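Worksheet for the structure shown next.
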Amino acid sequence: MHKNRMIRRLALTAFSVFVAGLAYASSGGAPGVSPDEALQKLMDGNKNYVENKLTNAARSDAATRTSLAKSQKPYAIILTCSDSRVPPEIVFDKGLGELFVVRVAGNIPDPVVLGSIEYAAEHLGSPLIMVLGHERCGAVTATVESKGKSTGSANIDAIVKAIEPSVKPAAKDCEACKGEKKCAESKKSDFVECVIDANAKTVAASLTKKSKILKHLAEEKKIKIVAAKYDLDEGTVMLFK
Ligand SMILES: [Zn+2]
1449 MHKNRMIRRL
1459 ALTAFSVFVA
1469 GLAYASSGGA
1479 PGVSPDEALQ
1489 KLMDGNKNYV
1499 ENKLTNAARS
1509 DAATRTSLAK
1519 SQKPYAIILT
1529 CSDSRVPPEI
1539 VFDKGLGELF
1549 VVRVAGNIPD
1559 PVVLGSIEYA
1569 AEHLGSPLIM
1579 VLGHERCGAV
1589 TATVESKGKS
1599 TGSANIDAIV
1609 KAIEPSVKPA
1619 AKDCEACKGE
1629 KKCAESKKSD
1639 FVECVIDANA
1649 KTVAASLTKK
1659 SKILKHLAEE
1669 KKIKIVAAKY
1679 DLDEGTVMLF
1689 K
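Residue numbers for the sequence shown follow my numbering, beginning at 1449 and rising by one.
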């Protein structure tokens, strides 16, 4: 074997062993926190936020930073929108090291997002995944307004395309529309809310279909996946059943 190739192969083997070791060392993850307990922690923190009694600053101090410098065990993964009004650490009253957050306009999963979630669920042992949509989401509004046409940006079109599968189910189930055919125009703001709900639920349900790792962890009851919506006016997070 050529010397350089041999060195490269040895280096690759060493890297694989290192990665496998990491996976083994951290497979326990978030010790002692069950999926339901993690969810309760989120909802309790949201109550603090709604009541204007935030405590997270105390858990984001220098001592906490130092204690977390070498490792992390976040007990919840949050996939939410990039919207500046929906920062999970604030709306759930959490400090450093508690949440593994993936934010992208419209809270939609592409392979990079899925890979990020898989990493936290499998290697960091986070037992809960929450897909969090929010009121008056700009990405969903853009999708409803595009009506299948290009937005003028191939990149924004990619976001719209990912949200589009939720438009039809929303039209069917939207209570505000009650079967009205042109609801997307006549009651646009209500319709947008219905698509936001459908999108969060669709994305949550799609995670185990798009990821073998998440499917396996869900089957083993090591993770729980929930969908929820953030109310911009009240600050409350509502869980979808
Ligand atoms: Zn949004």
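Note that CB positions come from ideal geometry on N, CA and C, so glycine has one too.
Please read all numbers here as calculations on a predicted model, not as lab measurements.
- DSSP, reduced to helix, strand and coil, places G1563 within a helical segment of the structure shown.
- Between ligand 1 and the CB of D1531, the shortest heavy atom gap is smaller than 7 Å.
- In the DSSP assignment, H1582 falls outside any alpha helix (DSSP H) and lies within the beta strand (DSSP E) extending over L1576 to H1582.
- The three-state secondary structure of R1507, taken from DSSP, is helix.
- DSSP places A1676 in the uninterrupted beta strand (DSSP E) bounded by K1672 to Y1678.
- Our two residues, K1626 and R1584, have alpha carbons roughly 20 Å apart in a direct line.
- Bounds of the beta strand (DSSP E) holding A1524 are A1524 to T1528.
- Distance from the Cα of E1667 is smallest, within the candidate group V1674, N1494 and T1656, for T1656.
- For L1655, the secondary structure class from DSSP, reduced to helix, strand or coil, is helix.
- At a Cβ-Cβ threshold of 8 Å, A1675 and V1579 count as neighbours.
- Per DSSP, the unbroken beta strand (DSSP E) holding V1685 starts and ends at V1685 to L1687.
- Going by beta carbons, C1529 and A1618 fall outside the 8 Å limit.
- Contact holds between the region 1601-1620 and the region 1640-1650, because three or more Cβ pairs, one in each stretch, are under 8 Å apart.
- Per DSSP, L1490 is not a residue of any beta strand (DSSP E); the alpha helix (DSSP H) it occupies stretches across P1483 to V1498.
- Secondary structure note for V1539: its alpha helix (DSSP H) is the uninterrupted segment P1536 to V1539.
- A straight-line Cα-Cα distance of about 7 Å links E1546 and A1524.
- Selection I1526, N1647, P1613 and M1491 evaluated against L1562 yields I1526 as nearest (Cα-Cα).
- Runs of alpha helix (DSSP H) with 4 or more residues, each lying fully within the region 1605-1638, are found at 1615-1621 and 1631-1634, listed in chain order.
- In the DSSP assignment, L1662 falls within the alpha helix (DSSP H) that extends over K1660 to E1667.
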